Amino acid sequence: MTDSKSQPPPRNSNTISSSSRLAPPPPYSEDIERGVNEISPLYPTNPAEQSPNTRSLSAYQSTSTSSSCKTLRTILVFSILAIVFTLYLHERTKSQFILDSLTWTELTPSNRCLRYSTREYSTLLRGVPSDEDGLKWCKMKEITIHRIEFKNPAHCTIGVDKSGTTRVYGHWIVKSNEPRCMTMWEDFRDKAHISLFSLGCAAKGSKYRRIEAQMGNYQPLWDNWREMRSTTPADYEGHHFDRPDNCERSFFGGVTGVWFLKDGSC
Numbered sequence: 001m002t003d004s005k006s007q008p009p010p011r012n013s014n015t016i017s018s019s020s021r022l023a024p025p026p027p028y029s030e031d032i033e034r035g036v037n038e039i040s041p042l043y044p045t046n047p048a049e050q051s052p053n054t055r056s057l058s059a060y061q062s063t064s065t066s067s068s069c070k071t072l073r074t075i076l077v078f079s080i081l082a083i084v085f086t087l088y089l090h091e092r093t094k095s096q097f098i099l100d101s102l103t104w105t106e107l108t109p110s111n112r113c114l115r116y117s118t119r120e121y122s123t124l125l126r127g128v129p130s131d132e133d134g135l136k137w138c139k140m141k142e143i144t145i146h147r148i149e150f151k152n153p154a155h156c157t158i159g160v161d162k163s164g165t166t167r168v169y170g171h172w173i174v175k176s177n178e179p180r181c182m183t184m185w186e187d188f189r190d191k192a193h194i195s196l197f198s199l200g201c202a203a204k205g206s207k208y209r210r211i212e213a214q215m216g217n218y219q220p221l222w223d224n225w226r227e228m229r230s231t232t233p234a235d236y237e238g239h240h241f242d243r244p245d246n247c248e249r250s251f252f253g254g255v256t257g258v259w260f261l262k263d264g265s266c
C-alpha cells in the first residue's frame with residue numbers, strides 16, 4: 001500500500017502541468033528571417049556577384065554582337081567599293097568608246113615656222129557627240145604626223161564656220177621632218193674691219209676674229225626671225241655652234257649671224 005501511494009500518477013500527454021516550463025523555440029536561420037523582410041532581386045546587380053555561367057553568357061553575347069558589327073561594316077565597305085568600281089568601269093568604257101569614234105581630219109601645216117625645224121599643224125576633230133564637251137575630247141585624242149605619234153595636242157581651239165556650226169581644232173607642234181623650217185647659215189666670211197693691223201678681227205687686241213653668215217631658207221613674211229636665228233645651228237672650220245653670238249636684221253628682211261672665234265693674231 002505504501003508503495004502504491006508513493007508512486008506518482010501516470011502523466012497524460014493531454015494534461016499540461018502548471019509547474020512545467022515552455023520549451024525554447026527551435027533554431028532558425030538568419031537568412032530565412034532576413035528573407036521574410038527583404039526582397040532579393042532576380043538577377044544580381046553587382047557584376048562581381050554574378051555566377052561564372054552568367055558572366056560567360058554575357059561575354060559570349062558581347063563578343064557575338066561585336067563580331068556581327070564588324071561583319072556588317074565589312075560588307076558595307078565592300079559594297080561601296082564594288083559600286084564605285086562598277087561606275088569607274090562604266091565611265092572608262094564610255095570614254096574609250098567616244099575616243100575610238102573620234103577622227104582628226106584636214107591636217108594643215110602653218111605657213112609660219114616656230115623655230116628651227118619646227119612647225120605648227122592644225123586638225124579638225126570630228127565625231128564629238130552633241131552632248132559632250134569638244135575641248136575635253138580634243139585634249140585626249142592622239143594623232144600620228146610624219147610617222148610620229150602624239151598623245152595629245154599642244155592646245156585646242158573652237159571656231160564657227162559660215163553655217164554657224166561649231167568646230168573644234170587641235171594644234172600640234174611638230175619638231176622633225178620639216179624641210180620648210182630647216183634654216184641654214186651660208187656664205188660665211190670674215191668681217192673685214194679696214195685697218196692696218198686688224199683685218200678680219202673683232203677689234204684690235206681683242207684676240208677674237210669676227211665671222212658672219214647669211215641665214216638661208218628663211219621666209220621673212222611668216223617666220224619669226226629672232227626665234228629662227230637663235231635656234232639655227234652652224235658649222236664652220238671644224239667648229240659647231242648651236243646658235244650665233246649675235247644677229248643683225250637688214251631693212252629688206254635679211255638676217256645676218258655673227259660669231260666670234262678665238263684668234264691670237266687679233
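So for the sequence shown, UniProt numbering puts the first residue at 1; every next one is plus one. All residues carry an ideal CB built from backbone N, CA and C; glycine is no exception. Everything numeric in this text was worked out from a predicted model, so none of it was measured.
In the structure shown, F188 adopts extended strand secondary structure according to DSSP, grouped into three states. With fewer than 16 other Cβ atoms from the protein chains shown falling within 10 Å of its own Cβ, K94 counts as exposed.
Remark: fewer than three beta-carbon pairs, one from each stretch, lie closer than 8 Å, so the region 129-149 and the region 112-119 are not flagged as touching. Restricting attention to N177, E186, P220 and P233, the CA atom closest to the CA of R119 is found in N177. Residue pairing of D131 in beta bridges, as defined by DSSP: absent, with no partner found.
Contact between T123 and Y88 is ruled out by a C-beta separation of about 30 Å, above the 8 Å threshold. Looking from the CA of R167, the closest CA among I173, Y208, C156 and V174 belongs to C156. Excluding residues up to 5 positions away in sequence, R209 and C266 lie with their Cβ nearer than 6 Å to the Cβ of C201 in the same chain. Separation of T144 and A154 (C-alpha to C-alpha, rounded to the nearest whole angstrom) is 14 Å. Secondary structure at S250: coil, using DSSP grouped into helix, strand and coil. In the DSSP assignment, E106 falls within the beta strand (DSSP E) that extends over T103 to R115. Assigned with DSSP and collapsed to three states, K175 falls in coil, not helix or strand. Judged by DSSP in its simplified three-state form, T123 adopts strand.
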